[in-house]
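Right, one structure below, let's go through it.
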Amino acid sequence: MKKVVYIAIISAINFTQLTALQLKQVAYVDKGSSYAITAIDSDHNEMYELYFQGSTSNPWPWEIWRNIGNNDYEYIILGPPPDSGSPWFAGYIDNDSLADVVTNRNQIITVYESPDYNSYVSNLVWEDIEDTLNNTQNTYISDLDQDGNKEILCRAQRGQWTCIYECTGDNSYQQVYKGYPDVPESLSYMGDICTGDFDNDGLMEMAMATSHGTGSAWGSRVYFMENKAVGVDSYVTTWKDTMPTLNAHWAAATGEDMDGDGKREAVFMGGHNLGGPWAKVVGIFESTGDNSFTRTYTINLNSTWLLGLGDVKCGDLDMDGRQELCVTTCESLFVYKSTGNDEYLRIFAIRTGTEWVHRLQDAVLLCFDMNQNGYEELIISGYWDHTTHWGWETRIYEVAGEVSWAGLDAAPQDSCIRLNWSTARQFANFGFRVWRSLYPDSNYAMVRETFDTVRLDTSLLAYSFSDSTITPYTKYYYKVQAKALNDSGCWIGPDSATGVAGGPSASPGAFENRLWQNSPNPLCQITTIRYQLTKPGLVSLKIYNVAGQCVRTVVSEFQAAGRHAVRWDGRDGQGARAPAGVYFYRLRAGGFQDVGRMTLVR
Numbered sequence: 044m045k046k047v048v049y050i051a052i053i054s055a056i057n058f059t060q061l062t063a064l065q066l067k068q069v070a071y072v073d074k075g076s077s078y079a080i081t082a083i084d085s086d087h088n089e090m091y092e093l094y095f096q097g098s099t100s101n102p103w104p105w106e107i108w109r110n111i112g113n114n115d116y117e118y119i120i121l122g123p124p125p126d127s128g129s130p131w132f133a134g135y136i137d138n139d140s141l142a143d144v145v146t147n148r149n150q151i152i153t154v155y156e157s158p159d160y161n162s163y164v165s166n167l168v169w170e171d172i173e174d175t176l177n178n179t180q181n182t183y184i185s186d187l188d189q190d191g192n193k194e195i196l197c198r199a200q201r202g203q204w205t206c207i208y209e210c211t212g213d214n215s216y217q218q219v220y221k222g223y224p225d226v227p228e229s230l231s232y233m234g235d236i237c238t239g240d241f242d243n244d245g246l247m248e249m250a251m252a253t254s255h256g257t258g259s260a261w262g263s264r265v266y267f268m269e270n271k272a273v274g275v276d277s278y279v280t281t282w283k284d285t286m287p288t289l290n291a292h293w294a295a296a297t298g299e300d301m302d303g304d305g306k307r308e309a310v311f312m313g314g315h316n317l318g319g320p321w322a323k324v325v326g327i328f329e330s331t332g333d334n335s336f337t338r339t340y341t342i343n344l345n346s347t348w349l350l351g352l353g354d355v356k357c358g359d360l361d362m363d364g365r366q367e368l369c370v371t372t373c374e375s376l377f378v379y380k381s382t383g384n385d386e387y388l389r390i391f392a393i394r395t396g397t398e399w400v401h402r403l404q405d406a407v408l409l410c411f412d413m414n415q416n417g418y419e420e421l422i423i424s425g426y427w428d429h430t431t432h433w434g435w436e437t438r439i440y441e442v443a444g445e446v447s448w449a450g451l452d453a454a455p456q457d458s459c460i461r462l463n464w465s466t467a468r469q470f471a472n473f474g475f476r477v478w479r480s481l482y483p484d485s486n487y488a489m490v491r492e493t494f495d496t497v498r499l500d501t502s503l504l505a506y507s508f509s510d511s512t513i514t515p516y517t518k519y520y521y522k523v524q525a526k527a528l529n530d531s532g533c534w535i536g537p538d539s540a541t542g543v544a545g546g547p548s549a550s551p552g553a554f555e556n557r558l559w560q561n562s563p564n565p566l567c568q569i570t571t572i573r574y575q576l577t578k579p580g581l582v583s584l585k586i587y588n589v590a591g592q593c594v595r596t597v598v599s600e601f602q603a604a605g606r607h608a609v610r611w612d613g614r615d616g617q618g619a620r621a622p623a624g625v626y627f628y629r630l631r632a633g634g635f636q637d638v639g640r641m642t643l644v645r
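My numbering numbers the first residue of the sequence shown as 44 and each following residue consecutively.
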């Protein structure tokens, strides 16, 4: 079993109107991948596994790290097939609630599946015996033609085809598209694909970048291909442009409106080493109209090392409803956040190693809430080398919470001591613990715990607690600890008071039962539903479609009084993406119930 390895907190840059971002390494595993890493709850135990495109031999099998809680992972299987190639993806495809892995075995696209609902992926269930794909670059799962059936999208390189296989039933797939984008034959490399309705016309696009030529003629192009109509498996190039910089692209990601202007972003990353050190370039593209696009932002990153690729991913690490752009090179990890329309600022940077010491090369990224605490982790996986040895590793980073205290006061009141505290700022804080002692510096014991989660608040918030379990005429010391995410050192105190005799004090005012509007709404991928409870009890929160069918049970448990927040990732109870449309969420707690309405867009 691999235990948690905690590393020092790395502080990012503070700037106006944006959450100060701290990332802390919360987990580490001593295997990794330069090809693919994804998260899926394949055994349906509500704990997500990390599935790797393996890296222990050539050809590479896949590997699984099982999440056993508390940011701890256990290596459980070195899985089949032993002759798989680099294209690979894990997910749910054929709507049977069994996890699938797509891979390339001896140039044949194959699908493996879990043998039952509570097992890991192991069984070969389908292969394309009619066709082969050489040099397949990457594999994706998407309902690209929006007909309700998912497709396997295979992206090839160096003049090979791009193929799409559509699910036609349980463990049944059919090749529905095979072709090139409208590109010259001289284009030598075709990198990753990002997908989405980038121009908001109701049709999905595939966006990709290519490079061609040598020496001073080395250049790049960006292509957007769109299906002709919903449900039609025919794709045409609708927009293309020559890149103004020498830039061979290999990584791509879809941003869910990172700058808040109502448009998805297509992000590409590549590099060149003409005339000096290896340079990484990230280009962000947005729509300027129907089937019209432009590059709105460029990030240039220089590296002292001439080898190694990189990756880009988009994820909402601080859960403010707006995704961040995450970038890795062969020696650094960066996070960028939008500061306005088509404007971005780097808010986090850390070196993954120096030129010759422990640098993560060919690293891949994943943004996913592995521990299901409401905050996505940033997962980086790759291999490191040294002048004398090399190895593989995966690091998991998560934001660190923050609390700025405004005051603490302990005062006697009848047969109790009333404790009042306040904060000027909270970020990723899950409540408070009140500690008491007869001594100012030792022997503290917890006498109260709250669960009023605050994602971000920069206003003055006040709290109180009446401690009635005291002995009159005895002096007590109190400290308050904030339950900030990944930071147990947020304390205030001590303050002291001596109890007096008298009648019992009135209890502090109770919370009002309330259900708030989800945010963001409409949602593209993830939304947060907040509510508060007057008293503890059994709580149920369910998502329904317009037909009144329960799509997902989000909460079904006993919860304490106070404020709560839960997330819905736009998926049903089987892990499949719910279709776009109107949904309702119903909260039941004791005799209280309320309903909210939200819209899911794709």
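Where a beta carbon is used, it is the ideal one built from N, C-alpha and C, also for glycine.
Rank the options by C-alpha distance to the C-alpha of residue i and give the top, closest one.
i: residue 624; options: 92, 610, 642 and 295; result: 642
i: residue 635; options: 617, 581, 608 and 593; result: 581
i: residue 440; options: 425, 458 and 410; result: 410
i: residue 162; options: 86, 184 and 105; result: 86
i: residue 310; options: 82, 452 and 368; result: 368
i: residue 84; options: 241, 481 and 619; result: 619
i: residue 585; options: 564, 638, 92 and 455; result: 638
i: residue 372; options: 385, 365 and 403; result: 403
i: residue 446; options: 490, 500, 107 and 457; result: 500
i: residue 106; options: 556, 502, 436 and 391; result: 436
i: residue 564; options: 511, 644 and 555; result: 644
i: residue 246; options: 263, 234, 221 and 272; result: 272
i: residue 543; options: 91, 557 and 513; result: 513
i: residue 482; options: 365, 537 and 363; result: 537
i: residue 198; options: 442, 333 and 150; result: 150
i: residue 112; options: 88, 94, 185 and 95; result: 88
Within 10 Å of its beta-carbon, does residue i have 16 or more other beta-carbons around it, so buried, or fewer, so exposed?
i: residue 229; result: Bear in mind that the predicted position of residue 229 carries a pLDDT of just 48, short of 50, making it unreliable; the figure below should be weighed with that in mind. Counting Cβ neighbours within 10 Å, residue 229 comes out exposed, since fewer than 16 surround it.
i: residue 486; result: exposed
i: residue 532; result: exposed
i: residue 515; result: exposed
i: residue 274; result: exposed
i: residue 498; result: buried
i: residue 62; result: Reliability fails at residue 62, whose pLDDT of 49 lies under 50, so the model's placement of it is uncertain and the value that follows must be treated cautiously. By the 10 Å Cβ count, residue 62 comes out buried.
i: residue 296; result: buried
i: residue 640; result: exposed
i: residue 492; result: exposed
i: residue 454; result: exposed
i: residue 187; result: buried
i: residue 164; result: buried
i: residue 632; result: buried
i: residue 549; result: Residue confidence for residue 549 is low, a pLDDT of 40 falling below 50, so the modelled location carries little weight and cannot support an answer.
i: residue 277; result: exposed
i: residue 375; result: buried
i: residue 601; result: exposed
i: residue 294; result: buried
i: residue 593; result: exposed
i: residue 617; result: exposed
i: residue 433; result: exposed
i: residue 173; result: exposed
Pull up the CB-CB distance for residue i and residue j, whole angstroms please, since I reckon it's below 8 Å.
i: residue 448; j: residue 535; result: 4 Å
i: residue 192; j: residue 209; result: 5 Å
i: residue 473; j: residue 518; result: At roughly 31 Å, the Cβ-Cβ gap does not stay under 8 Å, so residue 473 and residue 518 are not in contact.
i: residue 76; j: residue 407; result: 6 Å
i: residue 583; j: residue 570; result: At roughly 18 Å, the Cβ-Cβ gap does not stay under 8 Å, so residue 583 and residue 570 are not in contact.
i: residue 475; j: residue 603; result: That pair is no contact at about 12 Å.
i: residue 323; j: residue 314; result: 5 Å
i: residue 132; j: residue 80; result: 10 Å between Cβ atoms; not a contact.
i: residue 181; j: residue 235; result: 5 Å
i: residue 471; j: residue 444; result: 4 Å
i: residue 66; j: residue 82; result: That pair is no contact at about 18 Å.
i: residue 504; j: residue 442; result: Not really, about 20 Å apart at Cβ, beyond 8 Å.
Per the DSSP calculation, residue i is bridged to which residue(s)?
i: residue 573; result: 608
i: residue 185; result: 194
i: residue 470; result: 445 and 499
i: residue 376; result: 371 and 393
i: residue 270; result: 278
i: residue 67; result: 441
i: residue 586; result: 595 and 628
At least three beta-carbon pairs within less than 8 Å, the stretch 461–470 to the stretch 574–582: They do not touch, by the three-pair rule.
The stretch 355–362 / the stretch 261–275 touching (three or more Cβ pairs under 8 Å): Using a C-beta cut-off of 8 Å, the stretch 355–362 makes no contact with the stretch 261–275, since fewer than three inter-stretch Cβ pairs fall below that distance.
At least 3 beta-carbon pairs within less than 8 Å: the stretch 69–77 vs the stretch 416–428: Cβ pair count under 8 Å is three or more, so yes.
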